[in-house]
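Have a look at the structure below before the remarks.
Numbering (my numbering), first residue to last: 43 to 451.
Listed below in structure tokens is the structure:
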């Protein structure tokens, strides 16, 4: 069995070589266009249809406006041309390329049997809560946080315990004292979001080790949602899945991953769990039961394509998002009453509007023609979340509207 960290087996070195010599290198010199606006009207877009018929720029749900990688679009066309869309399963090529991608990005060698495929990350969060403990148990999570972290425990008969992140010197950090104080005899699961949505932190090694230390001492399972792991914006940082730190940490961890946020394919519904502990894996699969449907064949096709050929596109995307991030941080910091913390990862900016005195900042900016996510949905009223995964001209106009509304109110 390959080690989770340290040296990589010959088989996994072969997979890494296969990736480096594969289709990704053939597209290294391709130019990608993120500036051209894509008309998403009349496409059933949840993001754009929310404000259909209204002059409101939608920068809310975590869904980018960019066309997905050309290699992915080509792969889907080829699958459609085949013309038969029956039941399917992940083929060995997909499993091999996922293994090689995890080595490439995190130096994480996994066994194929550790993979459990899911039709979505939110589904995975609910399965995770259902798999650990029993009805009435407590699930810990940090707030503000992506809303399904708070709803999944409740929907599976658990209670959610919210531990606020601490804002110190303009940076969001875990409050480990508060975390440990919140643990009860009924607590069995700690839900992490890494990188964290919405505050944009990529947890560092020291923070992750403290999460594990607390989990070990209180016998907690760690559920880590790493869906934004490929969207690290700071070039001096690298995403660290907590399970890669040591085999004993992996032994109490369930990691959820997906290509959907990175390659803008949430509508295709492809994600997976990595679970090295066979007991936890069996409990997870049992919790899935007959409730969780199989993935559709386009999801598998998409995942294989982006993990094999998507790296040049991702590199170009990150460059574009960094420039968008820098623009947002400069502009928001100059707006009266608004504060913003640095976005290390994701394409989501977390904005503190409490000093404006505006009772409902989400509605205020919506009235000004910019649709943001309301912080109350993340257990943080007074904040808003801005999605800067869009073309620059649209982002510039949205920021202009926000600035104008604050100056004229």
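Just so it is clear, CB atoms sit at the ideal spot from N, CA and C, and this is done for glycine as well.
Test item: CB-CB of residue i and residue j under 8 angstroms
| i | j | result |
| --- | --- | --- |
| residue 318 | residue 156 | yes |
| residue 250 | residue 284 | yes |
| residue 390 | residue 104 | yes |
| residue 182 | residue 221 | yes |
| residue 447 | residue 410 | yes |
| residue 433 | residue 74 | no |
| residue 417 | residue 405 | no |
| residue 240 | residue 407 | no |
| residue 385 | residue 242 | yes |
| residue 380 | residue 398 | yes |
| residue 352 | residue 114 | yes |
| residue 137 | residue 154 | yes |
| residue 424 | residue 403 | yes |
| residue 185 | residue 422 | yes |
When the options are compared against residue i, the one with the closest alpha-carbon
| i | options | result |
| --- | --- | --- |
| residue 436 | 261, 291, 107 and 91 | 107 |
| residue 313 | 346, 397, 324 and 113 | 346 |
| residue 300 | 294, 220 and 349 | 349 |
| residue 337 | 252, 398, 130 and 100 | 130 |
| residue 237 | 205, 303, 254 and 290 | 303 |
| residue 295 | 232, 169 and 352 | 232 |
| residue 271 | 135, 245 and 162 | 245 |
| residue 161 | 444, 339 and 380 | 339 |
| residue 320 | 252, 158, 423 and 427 | 158 |
| residue 289 | 169, 422, 152 and 423 | 152 |
| residue 224 | 257, 247 and 242 | 257 |
| residue 322 | 96, 170, 124 and 97 | 170 |
| residue 254 | 280, 218 and 281 | 218 |
| residue 100 | 451, 439 and 445 | 439 |
| residue 387 | 316, 281 and 355 | 281 |
| residue 443 | 205, 150, 344 and 98 | 98 |
| residue 292 | 150, 146, 87 and 132 | 150 |
| residue 364 | 259, 85 and 429 | 429 |
Neighbourhood of residue i by C-beta distance below 8 angstroms, restricted to the same chain and skipping five residues each side
| i | result |
| --- | --- |
| residue 82 | 89, 90 and 107 |
| residue 63 | With a pLDDT of only 43 at residue 63, under the threshold of 50, the placement of this residue in the model should not be trusted, and no figure is reported. |
| residue 382 | 370, 371, 374, 375, 391, 392, 393 and 394 |
| residue 378 | 398, 448 and 449 |
| residue 247 | 282 and 287 |
Same chain, Cβ closer than 7 angstroms to residue i, five either side skipped, listed in chain order
| i | result |
| --- | --- |
| residue 235 | 187, 188, 191 and 267 |
| residue 165 | 334 |
| residue 110 | 305, 306 and 307 |
| residue 135 | 346 |
| residue 358 | 74 |
| residue 355 | 74 and 111 |
| residue 400 | 406 |
| residue 315 | 158, 160, 166, 296, 297, 298 and 326 |
| residue 343 | 117, 118 and 121 |
| residue 132 | 159 and 342 |
| residue 66 | Caution is warranted here: a pLDDT of 41 is assigned to residue 66, below 50, making its placement in the model unreliable, and no coordinate value can be reported. |
Other residues of its chain near residue i: CB distance less than 6 angstroms, five sequence neighbours each side excluded
| i | result |
| --- | --- |
| residue 341 | 310, 311 and 312 |
| residue 180 | 201, 203, 226, 228 and 229 |
| residue 373 | 441 |
| residue 173 | 325, 326 and 329 |
| residue 148 | 283 and 286 |
| residue 13 | Nothing in the structure corresponds to residue 13, since the chain is present only between 43 and 451. |
| residue 360 | none |
| residue 175 | 230 |
| residue 205 | 184, 220, 221 and 224 |
| residue 252 | 218 |
Closer than 8 angstroms to chain D by CB, residue i
| i | result |
| --- | --- |
| residue 86 | Reference to chain D is not applicable here, since this structure consists of a single protein chain. |
Exercise. Is it a yes or a no for the stretch 189 to 197 touching the stretch 364 to 371, going by three-plus beta-carbon pairs under 8 angstroms?
Worked result: Proximity of the stretch 189 to 197 to the stretch 364 to 371 falls short of the contact definition, fewer than three beta-carbon pairs being nearer than 8 angstroms.
For this session: Could you tell me which uninterrupted beta strand (DSSP E) segments, each at least 3 residues in length, are contained entirely in the stretch 167 to 194, listed from first to last along the chain?
Result: Here the runs fully enclosed are 180 to 185.
Exercise. Should the stretch 112 to 123 be called in touch with the stretch 326 to 338, which here means at least 3 C-beta pairs below 8 angstroms?
Worked result: no
Problem set entry | At least 3 beta-carbon pairs within less than 8 angstroms: the stretch 170 to 180 vs the stretch 205 to 215 | no
Problem set entry | the stretch 273 to 281 in contact with the stretch 253 to 264 per 3-pair CB rule at 8 angstroms | With the cut-off at 8 angstroms, the stretch 273 to 281 and the stretch 253 to 264 do not touch.
Problem set entry | Length-filtered (4 minimum) alpha helix (DSSP H) runs lying within the stretch 189 to 227 | Those alpha helix (DSSP H) runs which fall completely within the stretch 189 to 227 and span 4+ residues are 190 to 197 and 218 to 223.
For this session: Identify every run of the beta strand (DSSP E) within the stretch 329 to 402, keeping only runs that are complete inside it and at least 3 residues long; order them along the chain.
Result: Correct list: 390 to 394.
For this session: Please go through the stretch 406 to 438 and give each complete beta strand (DSSP E) segment of 3 or more residues, from N-terminal end onward.
Result: The stretch 406 to 438 is shown to contain whole beta strand (DSSP E) runs of 3 or more residues at 425 to 429, in chain order.
Exercise. Whole alpha helix (DSSP H) runs in the stretch 131 to 165 with 4 or more residues, listed along the chain?
Worked result: Segments of the alpha helix (DSSP H) lying fully in the stretch 131 to 165: 134 to 148.
Problem set entry | Ranges of the beta strand (DSSP E) found wholly within the stretch 236 to 277, counting only runs of at least 3 | 263 to 267
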